[in-house]
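Worksheet for the structure shown next.
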Amino acid sequence: MLRHDAEKLPPAEVFPGAGIYAIYYRGKLPLYGPLVAANAKRWRFPIYVGKATPPGGRKGKHFADEAPLTSSVYKRLQEHAESISQTKDLNLDDFRCRHLFVDEIWISLAESLLIDITQPVWNCVLDGFGNHPVGKQRSEGQRPTWDTLHPGREWARDLSANRLTPSDLISRVTEHLREFFAHPPDMDALLPR
1 MLRHDAEKLP PAEVFPGAGI YAIYYRGKLP LYGPLVAANA KRWRFPIYVG KATPPGGRKG
61 KHFADEAPLT SSVYKRLQEH AESISQTKDL NLDDFRCRHL FVDEIWISLA ESLLIDITQP
121 VWNCVLDGFG NHPVGKQRSE GQRPTWDTLH PGREWARDLS ANRLTPSDLI SRVTEHLREF
181 FAHPPDMDAL LPR
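Mapped onto UniProt numbering, the consecutive letters of the sequence shown carry residue numbers 1 to 193.
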């Protein structure tokens, strides 16, 4: 996945497959300045890593060789593009993505490994970017931290305010990026020779 060029979010054409993906940012928000600087020449460090399993996969209904051919990864990337487009402070043109098709049995492991190595800020500090709209039964919960810092998704507006303020979250993001980029992993070492 890391050897392939990053492409527009969402990708221009629908494609089938389940697996993992990474979303990259190179925009103007000062908050993400260290990430933008690290990605200036190449899309190296994702802002978010996710997975897309085939329908029924979370419930163990398919084995890898029996999994239906779906567009799970494409659909998730499309959903993420819609979430970004709904915000007031993010521009979809500042994002790129990569994806890798993975046998269903390895999807969660691959996602966890990539998150562990790259520590994406939207996975590690700002929860909720990958959330789907909550149902009526769960609408009494708190607004995800991602929506607190990047408001705009309609379904999140109806949730109660998060106990963490935007100011709290900015401090946490700043500290996370400072610590991570003090000793970033050698992404080139992860590429097969």
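Don't be surprised by glycine CBs; every beta carbon is placed ideally from N, CA and C. Here the structure is a predicted model, which is why all the values come from computation and not from measurement.
Residue i - DSSP class collapsed to helix/strand/coil
{"i": "Asp128", "result": "According to the sequence as given, residue 128 is Gly; it is not Asp. Gly128: coil per DSSP, three-state reduction."}
{"i": "Glu13", "result": "coil"}
{"i": "Pro185", "result": "coil"}
{"i": "Ser112", "result": "helix"}
{"i": "Ile170", "result": "helix"}
{"i": "Trp155", "result": "helix"}
{"i": "Gln119", "result": "coil"}
{"i": "His150", "result": "coil"}
{"i": "His62", "result": "Note on His62: pLDDT 49, under 50, position unreliable in the model; no value is reported."}
{"i": "Pro133", "result": "coil"}
{"i": "Phe45", "result": "coil"}
{"i": "Ala37", "result": "helix"}
Beta-carbon proximity of residue i to residue j, cut-off 8 Å
{"i": "Met102", "j": "Val173", "result": "In the sequence as displayed, the identity of residue 102 is Val instead of Met. No, they are not a contact pair."}
{"i": "Ala6", "j": "Arg96", "result": "yes"}
{"i": "Leu159", "j": "Gln142", "result": "yes"}
{"i": "Pro55", "j": "Glu104", "result": "no"}
{"i": "Leu35", "j": "Val134", "result": "no"}
{"i": "Ala81", "j": "Pro10", "result": "yes"}
{"i": "Val14", "j": "Ser83", "result": "no"}
{"i": "Leu100", "j": "Met187", "result": "no"}
{"i": "Thr87", "j": "Pro16", "result": "no"}
{"i": "Asp147", "j": "Ala156", "result": "yes"}
{"i": "His4", "j": "Arg98", "result": "yes"}
{"i": "Val73", "j": "Ala12", "result": "no"}
{"i": "Val49", "j": "Asn123", "result": "yes"}
With 16 other Cβ atoms within 10 Å as the buried cut-off, status of residue i
{"i": "Ser85", "result": "exposed"}
{"i": "Ala37", "result": "exposed"}
{"i": "Leu109", "result": "exposed"}
{"i": "Ile47", "result": "buried"}
{"i": "Ile107", "result": "buried"}
{"i": "Lys51", "result": "buried"}
{"i": "Ala40", "result": "exposed"}
{"i": "Asp89", "result": "exposed"}
{"i": "Thr145", "result": "buried"}
{"i": "Gln137", "result": "Reliability fails at Gln137, whose pLDDT of 47 lies under 50, so the model's placement of it is uncertain and the value that follows must be treated cautiously. It is exposed - the Cβ of Gln137 has fewer than 16 other Cβ atoms within 10 Å."}
{"i": "Asp93", "result": "exposed"}
{"i": "Asn91", "result": "exposed"}
{"i": "Thr165", "result": "exposed"}
{"i": "Gly33", "result": "exposed"}
{"i": "Ala189", "result": "exposed"}
Strand pairing of residue i, partner residues [DSSP]
{"i": "Glu7", "result": "Cys97"}
{"i": "Gly19", "result": "Ala52 and Phe101"}
{"i": "Ser160", "result": "Gln142"}
{"i": "Tyr24", "result": "Arg96"}
Original post:
Do the region 110-117 and the region 24-35 make contact, defined as three or more Cβ pairs closer than 8 Å?
Top reply: no
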